[in-house]
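Chains A and B, in that order, give the protein sequences.
Using this note's numbering, you'd call the opening residue of the first sequence number 29 and step up by one each time.
Using this note's numbering, you'd call the opening residue of the second sequence number 24 and step up by one each time.
We put the CB at the ideal spot given by N, CA and C, even for glycine.
Single-structure report; data block below.
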Amino acid sequence: MKQNSRARVLGRIRQALLDAPPSPEPARDYLTAHTADDEAVILDLLHENLADYRANVHRTTETDLPALVAKLLDRHGAQTIAVPPGLPIAWLSETTARQHHDADSLLTPHELDTTHAVVTSCALAIAETGTIVLDGGPGQGRRALTLVPDLHICVVRAKDQVVGSVPQALPRLDPTRPQTWISGPSATSDIELDRVEGVHGPRRLDVVIVTR
Amino acid sequence: MSGTFIGMPAFPKAAHEAVRDTTLRANLRHATHTIRDKRAVAVAELADWAELREAGKQIKTETLHSLDTYLVQLEEAVTAAGGTVHWAADAAEANQIVTDLVKATGESEVVKVKSMATQEIGLNEHLEAEGIRAYETDLAELIVQLGEDRPSHILVPAIHRNRGEIRDIFTSEMGKWGREAPDDLTDSPVELAEAARLHLREKFLRAKVGISGANFMVAETGTLVVVESEGNGRMCLTLPETLISVVGIEKVVPTWRDLEVFLQTLPRSSTAERMNPYTSTWTGTTDGDGPSAFHLVLLDNGRTDALADEVGRQALRCIRCSACLNVCPVYERAGGHAYGSVYPGPIGAILTPQLRGTTSEVDASLPYASSLCGACYDVCPVAIDIPEVLVHLREKVAGQGGKGHRLEKVAMKAAGWVLDHPGVLAAGERAASKTRALHPRKLPGPGARQWTESRDLPELPAEPFRDWWKKNRT
């Protein structure tokens, strides 16, 4: 039956398009970015837009990062953290929270549910939309890691991980890798179209921008 | 959900009842006006909105004109990435494919991401009949499912419910489906969202099968994209071992790059956000990350009928943002249920009659559920000329006959003859003016009576204009 349906659907499409004129290549007269190509401006915009959708945004240096991560985990009372493979060990050198490394044996969904926080790097951040993108690369882990624990601390490297716009982001991302684009903590507009932060994903998102 | 729409009255009757429901009207007015204003602000942030809209229109048009090629390309890419592609010519085939896939896993429950396609085919009801329980996990879908209700909006299916009604539904119904609502639940949206989080979490953690739709499918890479806010989508796409996605064939876009247009226009048009909180993309399966089995069910179910209509096929460009619902004066007053379909509002008025045909009374009435004001066209991020398609479908409905339309044709033919004969027209006008005191305010008879039920007949002047002109100006 399946093979038959495939032929039927494709046949109907070809029949339906008998009179359709050939379409030209789509015009792309829109802008590549809406922001000046200036690192400081782009960083400020990322900061502003992330904060606008209720992410907590911090700026620090590579040297001060471990202390800041420890402080943020403490602030939220996180005693256990999930650690993705490839996360720089130094980032967690000052926290006393218990670390679950998601390496050889993967944490089950229930184990993740009792884990308070997760610390990751990212693939990319997009300033205009206030978005961080994870693609499962080193220090990011599989998708469930950044989904089930209630606090996500994400570290963004200012020097080479921030782009201005969505059109600038896509060519730098590999579509064959599973991706999660995150713009603020989880939210809903389902009750009277009012925005409420905090539903199923992490209710707290802390983004740490590491500058030179 | 679609099963519950069967036997719906035609739009005018359903709308007539809905506009008398003052709670419904207040809920809809509040919600649509809130989102309408926010959308305008979000769109104004982008100086190149018009160019993005034109690009979105052209990309979708070009895709539809080579739809067979792109679907075959998509199938190859998904298969190469470890997924399995199924083709469903109609709802019954799609439901059977999904049911067989779920049964093959040995599971009797599934978690679902909000999906218009699965509502359209009535998947939940079909699964229920086959002994499989489907849990809706989107907050608004949960409200609809717990309330044994019907969805009334594409993006926010429970838009017709206010916070107090939602609190009552959660308090009385959650316990029947799983974890009960907290005893002291108030109607604050924050608390209601928290109750949903707790209620659904146990279901996510134990789920073995997830069912989704998709906002986009990329032909060149085989990548699927789901755009959402709450994280329930991520839960369903990530935690289960098996993922089944049911997607309309018109959701394909040719290239990964094409997403740069729609990921800018969709969030701003639908929730008025620069970007929605979560977007997930996946290509087949990935070792050690997410489901180990992925099935894509490509759904026709009337789409190729719409594709065959030169004017109507533009409706297939729709990216389900729901901006047209939020600006529509008819939707704001009548609500989503009156449209008798999972696709309400202006887009529903042109999509449903094309997917289902116009043989039923409700479907034949849908092209008339509009004042043709054009606000829907102005906000559409892929520039679907909804008024144009409405008028086109009205012609089709009128052409297929029916009592009212036969009388209309006779009347128009008679009028045409009179207008062609100036002497007859002048005599008629004079006679009408002389007898105007005797004219009724309403007309009797089929067709004419309905027309004048809500409209007064124009008053005739004391003498015809031509007579007045001769006396005063010549």
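| Item | Value |
| --- | --- |
| C-beta atoms of Cys-150(A) and Val-184(A) nearer than 9 angstroms | yes |
| Bridge-paired residues (DSSP) for Ala-215(A) | Glu-225(A) |
| Closest residue to Val-275(B) among Val-248(B), Gly-254(B), Ser-252(B) (Cα-Cα distance) | Val-248(B) |
| Contact set between the segment 96-107 of chain B and chain A, restricted to residues whose Cβ is under 8 angstroms from the partner | Ala-104 |
| Residue-level contact to chain B via CB, Gly-192(A), 9 angstroms cutoff | no |
| Residue range of the beta strand (DSSP E) that includes Cys-182(A) | 179-185 |
| Asp-234(A): first and last residue of the uninterrupted beta strand (DSSP E) it sits in | 232-239 |
| Segment limits, beta strand (DSSP E) that includes Val-353(B) | Not the beta strand (DSSP E): Val-353(B) falls in the alpha helix (DSSP H), residues 352-357. |
| Test item: CB-CB of Thr-306(B) and Ala-100(B) under 9 angstroms | yes |
| Strand pairing of Ala-316(B), partner residues [DSSP] | Thr-265(B) |
| Inter-residue Cα distance where the pair is Ala-163(B) and Ile-267(B) | 21 angstroms |
| Val-176(A) (DSSP reduced to helix, strand or coil) | coil |
| Same chain only: Cβ atoms within 6 angstroms of Cys-341(B), ignoring 5 sequence neighbours per side | Ile-370 |
| Residue range of the unbroken alpha helix (DSSP H) whose run includes Met-13(B) | Residue 13(B) cannot be examined here, being either before or after the span of chain B that is shown, 24 to 497. |
| Exposed unless 16 or more other CB atoms sit within 10 angstroms - verdict on Asn-77(A) | buried |
| Reference Ala-172(A); option with closest CA among Asp-130(A), Arg-223(A), Leu-198(A), Cys-182(A) | Asp-130(A) |
| Any chain B beta carbon closer than 9 angstroms to Leu-38(A) | yes |
| Nearest to Ile-373(B) (by Cα), restricted to the options Arg-489(B), Ser-393(B), Pro-205(B), His-360(B) | Ser-393(B) |
| Inter-residue Cα distance where the pair is Ala-316(B) and Glu-253(B) | 24 angstroms |
| Arg-200(A) versus Gly-105(A) - alpha carbon distance | 36 angstroms |
| Members of the segment 253-270 of chain B near chain A, C-beta cut-off 7 angstroms | Glu-253, Gly-254, Asn-255, Arg-257, Met-258, Thr-261, Leu-262 |
| Below-9 angstroms beta-carbon distance, Thr-143(A) vs any chain B residue | no |
| Cβ-Cβ distance between Val-241(B) and Thr-278(B) below 9 angstroms | yes |
| Trp-119(A): contacting residues in chain B (beta-carbon distance under 9 angstroms) | The premise fails here: Trp-119(A) is roughly 22 angstroms from chain B at the closest Cβ pair, so nothing lies under 9 angstroms. |
| Gln-127(A): first and last residue of the uninterrupted beta strand (DSSP E) it sits in | 126-129 |
| Cβ neighbours of Val-42(B) in the same chain (closer than 7 angstroms, five flanking residues each side left out) | Arg-48, Arg-356, Ala-357 |
| Residue closest to Pro-300(B), alpha-carbon to alpha-carbon, out of Asp-65(A), Tyr-58(A), Tyr-81(A), Thr-136(A) | Tyr-81(A) |
| Ala-41(B), DSSP secondary structure in three states | helix |
| 4 or more residues per run - each alpha helix (DSSP H) lying fully within the segment 454-496 of chain B | 471-476, 488-496 |
| Rounded C-alpha distance that separates Glu-153(B) from Glu-130(B) | 12 angstroms |
| Contacts that Asp-323(B) makes with chain A (C-beta to C-beta distance below 9 angstroms) | Ser-33, Arg-36, Val-37, Arg-40, Ile-41 |
| Nearest-angstrom Cβ-Cβ length linking Arg-257(B) and Gly-229(A), presumed shorter than 8 angstroms | 6 angstroms |
| 8 angstroms CB neighbourhood of Val-69(A) in its chain, flanking five on each side removed | Thr-63 |
| Asp-66(A) burial status per 10 Å Cβ neighbour count (16 or more: buried) | exposed |
| Inter-residue Cα distance where the pair is Leu-169(B) and Val-232(B) | 21 angstroms |
| Thr-157(A) at chain B interface by Cβ criterion, 9 angstroms | yes |
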